[in-house]
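Student: For reference, the structure I am asking about is given below.
Protein chains in written order, with the working numbering: chain A, 1 to 86; chain B, 1 to 410.
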């Protein structure tokens, strides 16, 4: 099973590739919208990319909408991992 | 009602020869063909035409930010880069672009066929929309080129999208001319774009209208030639800056030519077959609006794509509408039929002809079809005095369009 750190690295890697971002700027405190410049269309694509990467479905819309920072995203994915959904 | 005069002050091109107007003109004047054999299409069942004039692959990442690029298919990308070049060429100020008095009219045959393929290859197998990215629809929609150009360049004026296959650019230019004539806009970015895709070539192929000279790509299409065997599709984007003459003169803009008339008719005869009387009517309407007599036309740029029916009908139409000794040529041999972009890319070449006072010949015209030789077909580059010219473009669906253009030196 993927370690937590490997999961973090993978998330940064695929989002940096998808959205042409600098991985160095994707620290835990970076906000997706203000700091990384993503918007509502990107949020849709982020889900598509994560589902494809981790081969699962992200169906908790409320939890997805509450994600503001990279760390929020990590915590969300780590929770899925702990529930064996990832 | 007095109307505004409309002039052309900028040109931008992405063509089968690559990026930029200069690249296009250099290759055309050198007599080169951009047509190649598409070996990668050889697995497509039933497709006999393996020919195209695609835009060479380039990396747009450093040219446009991701946030505008993500909703662009190839055709919208071509249109945007061509629009950028045309704005720079016209030296349009940023304030003019965002003023609301600058608009766009940019058409294409459809939305991006490559995006359609991407979308439906995911949608159809399981009837599912999962894994489809948010940008796909914006690449597929019919006004993808115009909408993306406005977004990328900050244009806030009128946005129009004439979608009429091979007359998309010609109608866009005609529409821009009307917008400025009536004072609704001071400046219009006008033209069209399309991209090479086997489904597009396949449409002409199944109509038995596509060239199958697969082993000899540099010598097809052959407009007006007795050995022609059909269309070769090309890709690209062409944009012209149309401007109110008084506005252009006030800011000291360079003026390539003036649009004097626009003929735009439907033959209402057949959805696919060309109709010479309707073609002639488009030319006559353009001349009448311009107040021109047939003997004042110094050159006709033909639509001529290299099909037997189309070339013969157009030659007969030109013979009906204009004097039979007026020089005529087609540019399809150089860049193929760039469909929605054709009217704009070909007009860019035509404007350069007016500047240089040289007639660009029909490439691959070696032995004229006698039924086409009823007009003065030009087969070699030659000096020729030109003030007033006609530009034809015709489309499936019975659409026939013609623009009357005058060099500003006159």
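Each residue gets a CB set at the ideal place from its N, CA and C atoms; glycine is no exception.
Look up residue 160 of chain B in the DSSP assignment and give the residues it is bridged to.
Tutor: Here the question's residue 160 of chain B lines up with position 160 in the second chain. In DSSP, residue 160 of chain B forms a bridge with B/105.
Student: With a threshold of 8 Å between beta-carbons, can residue 41 of chain A be considered close to chain B, or not?
Tutor: For this step, residue 41 of chain A is matched to residue 41 along the first chain. Cβ-Cβ to chain B under 8 Å: yes for residue 41 of chain A.
Student: I'd like the span of the alpha helix (DSSP H) that includes residue 120 of chain B, first residue to last.
Tutor: The residue given as residue 120 of chain B occupies position 120 in the second chain. Unbroken alpha helix (DSSP H) run through residue 120 of chain B: 113-126.
Student: Helix, strand or coil for residue 136 of chain A per DSSP?
Tutor: Any answer about residue 136 of chain A is impossible in this case: the structure gives chain A only from 1 up to 86.
Student: Let me confirm a value: residue 287 of chain B is counted as buried when at least 16 other C-beta atoms fall within 10 Å, else exposed. Which label applies?
Tutor: Start at 1 with the first residue of the second chain, and residue 287 of chain B comes out as number 287. By the neighbour-count rule (16 or more Cβ atoms within 10 Å), residue 287 of chain B is buried.
Student: Kindly indicate which residue of B/30, B/53, B/83 has the alpha-carbon position closest to the one of residue 9 of chain B.
Tutor: Residue 9 of chain B sits at position 9 when you count from the first residue of the second chain. Closest option to residue 9 of chain B, Cα to Cα, is B/83.
Student: Quick one: which chain A residues come within Cβ less than 7 Å of residue 135 of chain B?
Tutor: By 1-based counting over the second chain, the position of residue 135 of chain B is 135. Per Cβ cutoff of 7 Å: 41.
Student: Mind checking residue 2 of chain B: buried by the 16 CB within 10 Å criterion, or exposed?
Tutor: Within the second chain, numbered from 1, the residue matching residue 2 of chain B stands at position 2. Counting Cβ neighbours within 10 Å, residue 2 of chain B comes out exposed, since fewer than 16 surround it.
Student: Run the proximity test for residue 304 of chain B: is its beta-carbon closer than 7 Å to any non-hydrogen atom belonging to the ligand ADP?
Tutor: Absence of the ligand ADP is noted for the structure shown, with no ligands found whatsoever.
Student: With DSSP collapsed to three states, give me the class of residue 20 of chain B.
Tutor: The sequence position of residue 20 of chain B within the second chain is 20, counting from 1. Of the three classes helix, strand and coil, the one that applies to residue 20 of chain B here is coil, per DSSP.
Student: Counting Cβ pairs, one atom from each stretch, are 3 or more of them under 8 Å apart for the stretch 93-102 of chain B and the stretch 171-178 of chain B?
Tutor: Result no; under three Cβ-Cβ pairs closer than 8 Å.
Student: Residues of chain A with CB closer than 9 Å to the CB of residue 131 of chain B, please, in chain order.
Tutor: The residue labelled residue 131 of chain B in the question sits at position 131 within the second chain. Those are 48, 51, 52, listed as they occur along chain A.
Student: Give me the Cβ distance between residue 385 of chain B and residue 365 of chain B, rounded to the nearest whole Å; I'm assuming they're in contact under 8 Å.
Tutor: For the purposes of this step, residue 385 of chain B is taken as residue 385 along the second chain, with counting starting at 1. For the purposes of this step, residue 365 of chain B is taken as residue 365 along the second chain, with counting starting at 1. In fact, because the Cβ distance is near 22 Å, the residues do not count as touching under 8 Å.
Student: Can you tell me where the beta strand (DSSP E) with residue 10 of chain B in it begins and where it stops?
Tutor: Along the second chain, read from residue 1 onward, the residue named residue 10 of chain B stands at position 10. It spans 6-15 - the beta strand (DSSP E) in which residue 10 of chain B sits, taken as one unbroken run.
Student: Classify residue 188 of chain B as helix, strand or coil using the three-state DSSP reduction.
Tutor: By one-based count along the second chain, residue 188 of chain B stands at place 188. Residue 188 of chain B: strand per DSSP, three-state reduction.
Student: Does the beta carbon of residue 251 of chain B sit closer than 8 Å to a beta carbon anywhere in chain A?
Tutor: Working through the second chain from its first residue, we reach residue 251 of chain B at position 251. It does not; no Cβ of chain A falls within 8 Å.
Student: Is there at least one Cβ from chain B nearer than 8 Å to residue 19 of chain A's Cβ?
Tutor: Here residue 19 of chain A refers to the residue found at position 19 of the first chain. Residue 19 of chain A counts as touching chain B.
Student: For residue 390 of chain B, count neighbouring Cβ atoms within 10 angstroms of its own Cβ and tell me buried if that reaches 16, exposed if not.
Tutor: Position 390 of the second chain, counting from 1, holds the residue named residue 390 of chain B. That one is buried.
Student: Going by DSSP, name the residue or residues bridged to residue 302 of chain B.
Tutor: Position 302 of the second chain, counted from the first residue, corresponds to residue 302 of chain B. Note: residue 302 of chain B sits in a beta bridge opposite B/330.
Student: Roughly how many angstroms separate the alpha carbons of residue 37 of chain B and residue 194 of chain B, rounded to a whole number?
Tutor: Counted from its first residue, the second chain places residue 37 of chain B at position 37. Counted from its first residue, the second chain places residue 194 of chain B at position 194. Approximately 19 Å between the Cα atoms of the pair.
Student: Go to residue 81 of chain A, then tell me how far its alpha helix (DSSP H) extends in each direction, as first and last residue.
Tutor: As a working mapping, residue 81 of chain A is identified with position 81 in the first chain. Element bounds for residue 81 of chain A: 70-82.
Student: Count the C-beta pairs between the stretch 398-410 of chain B and the stretch 268-287 of chain B that are closer than 8 Å, then say yes if the count reaches three, no if not.
Tutor: Segments in contact, yes.
Student: If you scan the stretch 243-307 of chain B from start to end, which runs of the beta strand (DSSP E) of 3 or more residues do you find wholly inside it?
Tutor: Listed in chain order, the complete beta strand (DSSP E) runs (minimum 3 residues) inside the stretch 243-307 of chain B are 257-266, 299-302.
Student: Which stretch, first to last residue, makes up the alpha helix (DSSP H) that contains residue 404 of chain B?
Tutor: One-based indexing of the second chain puts residue 404 of chain B at position 404. Looking at the DSSP string, residue 404 of chain B is not in any alpha helix (DSSP H); the run it does join, the beta strand (DSSP E), is 399-406.
Student: With 16 as the cutoff for other CB atoms within 10 Å, does residue 84 of chain A come out buried or exposed?
Tutor: As a first step, residue 84 of chain A is located in the first chain; it is residue number 84 there, counting from the start. It counts as exposed.
Student: Between which two residues does the beta strand (DSSP E) containing residue 388 of chain B stretch?
Tutor: To locate residue 388 of chain B, count along the second chain from 1; it is residue 388. From DSSP, the beta strand (DSSP E) with residue 388 of chain B extends over 388-395.
Student: DSSP puts residue 182 of chain B in a beta bridge; with which residues?
Tutor: Position 182 of the second chain, counted from the first residue, corresponds to residue 182 of chain B. Residue 182 of chain B is not bridged to any residue.
Student: Taking 8 Å as the cut-off, decide whether the C-beta atoms of residue 103 of chain B and residue 340 of chain B are in contact.
Tutor: As a position in the second chain, residue 103 of chain B is number 103, starting the count at 1. As a position in the second chain, residue 340 of chain B is number 340, starting the count at 1. For residue 103 of chain B and residue 340 of chain B, no; Cβs fall outside 8 Å.
Student: Could you tell me the alpha carbon to alpha carbon distance between residue 323 of chain B and residue 294 of chain B, rounded to whole angstroms?
Tutor: Residue 323 of chain B sits at position 323 when you count from the first residue of the second chain. Residue 294 of chain B sits at position 294 when you count from the first residue of the second chain. So the alpha carbons of these two residues sit roughly 6 Å apart.
Student: What residues in its chain sit with their C-beta under 6 Å from that of residue 382 of chain B, if we drop five residues either side in the sequence?
Tutor: Taking the first residue of the second chain as 1, we reach residue 382 of chain B at position 382. So the qualifying residues of the chain are 359.
Student: Looking at the C-beta of residue 29 of chain A, does it have a partner C-beta in chain B at a distance below 8 Å?
Tutor: For the purposes of this step, residue 29 of chain A is taken as residue 29 along the first chain, with counting starting at 1. Cβ-Cβ to chain B under 8 Å: no for residue 29 of chain A.
Student: For the structure I just gave you, are there three or more beta carbon pairs, one from the stretch 234-251 of chain B and one from the stretch 341-356 of chain B, closer than 8 Å?
Tutor: Yes, the stretch 234-251 of chain B is in contact with the stretch 341-356 of chain B.
Student: Work out the CA separation of residue 387 of chain B and residue 410 of chain B for me, nearest whole Å.
Tutor: Taking the second chain and counting its residues from 1, the one referred to as residue 410 of chain B is at position 410. Taking the second chain and counting its residues from 1, the one referred to as residue 387 of chain B is at position 387. The predicted model places residue 410 of chain B with a pLDDT of 45, which falls under 50 and marks its position as unreliable, so this point remains unresolved.
Student: Helix, strand or coil, according to DSSP, for residue 342 of chain B in the structure here?
Tutor: Along the second chain, one-based indexing puts residue 342 of chain B at 342. Note: residue 342 of chain B maps to helix in three-state DSSP.
Student: If you follow the alpha helix (DSSP H) that residue 198 of chain B is part of, which residue opens it and which one closes it?
Tutor: Indexing the second chain from 1 puts residue 198 of chain B at position 198. Where residue 198 of chain B is concerned, the enclosing alpha helix (DSSP H) stretches over 198-206.
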